[in-house]
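Undergrad: Quick note, in our numbering, the sequence shown goes up one by one and the last residue is 272.
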Amino acid sequence: KSNGLNAVRIPVGWWIASDPTPPKPYVGGSLQALDNAFLWARKYGLKVIIDLHAAPGSQNPWEHRDGTIEWGKTNDTIHQTVEVIDFLTSRYAKNPSLYAVELINEPLAPEVTLDMVKKYYQAGYNAVRKYSSTAYVVMSNRLGPADSTELLTFASGLKGSVIDVHYYNLFSSMFDNMSVQQNLDFVNTNRSAELNTVTQSHGPLTFVGEWVAEWQVRDATKEDYQKFAKAQLEVFGRATFGWAYWTLKNVNNHWSMEWMIKNGYIKL
């Protein structure tokens, strides 16, 4: 709050709905942690975006789960996920700090199809609206560029909807040998264009829900990192719903917004 941040995007797993005794191998306690977060948010005047980061069956093969993608292949996994959204929204709908509910994080194409995700987004949206007419409903766009247009059209018909895009100059070989200047140019040119594409005047709001001032540049100076962070802040600041840094606290310094601010790498 003292640094001008006004919201936190909080990732949770689907097993939070069966807290305090979730199925193995998951551990209990996350619901109490989320309750605490809402108390702190209210105390300091912050808003909360609840992000369903791990769905039953897993919607991508990364650290969120166990390497397989089974989510959406059966109606059961979709129904179970809607129930989690129902549970979370009903619990916090009357809390003034609830700002948005993100229905699922980074569903991966082609295993997760556009039909699956649209079916789920409609049901999830309805679940949120059952309890709140004001909470924004965030829909992840991490599917594949060909799907973006159809998803934008779909979301345009849903009041209070937000499209979430994640931009990292990482996780692709194209960034491996980029210089400092090439990374800056990529943010200013390519990311600007990508964000402009998903930002439509009558469409959903746009949210850069994850970004980080980390890259593949070796031996980068503090000044290099400052320029990289500043470029991203300027471009992503044009998103109509705002942005969220991944993450607030981390053992890896550049991934920790707290460390980056305290050490003068990021200025808000």
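In this text, a Cβ means the ideal position worked out from N, Cα and C, and glycines have one as well.
Keep in mind that this is a model prediction, so the values were computed, not measured.
Using only the alpha-carbon positions, how far apart do residue 195 and residue 74 sit?
TA: Approximately 31 Å between the Cα atoms of the pair.
Undergrad: For the alpha helix (DSSP H) that contains residue 164, what are its first and last residues?
TA: Careful: residue 164 lies outside any alpha helix (DSSP H) and carries neither H nor E.
Undergrad: List the whole-angstrom C-beta distance separating residue 217 from residue 182, where the pair is believed to meet the contact cut-off of C-beta under 8 Å.
TA: Not confirmed; about 15 Å, so no contact.
Undergrad: Using three-state DSSP, classify residue 247 as helix, strand or coil.
TA: In this structure, residue 247 counts as strand in the three-state DSSP scheme.
Undergrad: Please work out which residues of its chain come closer than 6 Å, Cβ to Cβ, to residue 84, disregarding the five sequence neighbours upstream and downstream, and give them in chain order.
TA: 60, listed in sequence order.
Undergrad: Does residue 106 come out as helix, strand or coil in the three-state DSSP assignment?
TA: Strand at residue 106.
Undergrad: Go to residue 50, then tell me how far its alpha helix (DSSP H) extends in each direction, as first and last residue.
TA: Taken as a continuous stretch (DSSP letters only), residue 50 belongs to no alpha helix (DSSP H), as it is neither H nor E.
Undergrad: Where do the ends of the beta strand (DSSP E) carrying residue 214 lie?
TA: Residue 214 -> beta strand (DSSP E) spans 209-214.
Undergrad: So what does DSSP say about residue 140, is it helix, strand or coil?
TA: Here residue 140 sits in strand by DSSP.
Undergrad: From residue 88 to residue 225, what does the alpha carbon distance come to, in whole angstroms?
TA: The straight-line gap from Cα to Cα measures roughly 44 Å.
Undergrad: Is the distance from the Cβ of residue 50 to the Cβ of residue 12 below 8 Å?
TA: Result yes, Cβ atoms of residue 50 and residue 12 sit closer than 8 Å.
Undergrad: Just to confirm the assignment, what range does the beta strand (DSSP E) spanning residue 270 have?
TA: First-last for residue 270: undefined, no H or E at that position.
Undergrad: Under 8 Å by Cβ, that's how I've got residue 235 and residue 191 pegged, so tell me the actual separation to the nearest angstrom.
TA: With a Cβ gap of about 5 Å, residue 235 and residue 191 count as contacting.
Undergrad: Go ahead and label residue 80 buried or exposed: buried means 16 or more other beta carbons lie within 10 angstroms of its beta carbon, across all protein chains shown.
TA: With fewer than 16 other Cβ atoms within 10 Å, it is exposed.
Undergrad: Is the beta carbon of residue 82 closer than 8 Å to that of residue 122?
TA: No; because the gap between Cβ atoms is not below 8 Å, this pair is not in contact.
Undergrad: Would you check if there are 3 or more beta carbon pairs closer than 8 Å linking the stretch 108-122 to the stretch 130-140?
TA: No: the two stretches stay apart, fewer than three of their Cβ pairs being nearer than 8 Å.
Undergrad: Strictly by DSSP, which residues pair up with residue 169?
TA: Note: residue 169 sits in a beta bridge opposite 212.
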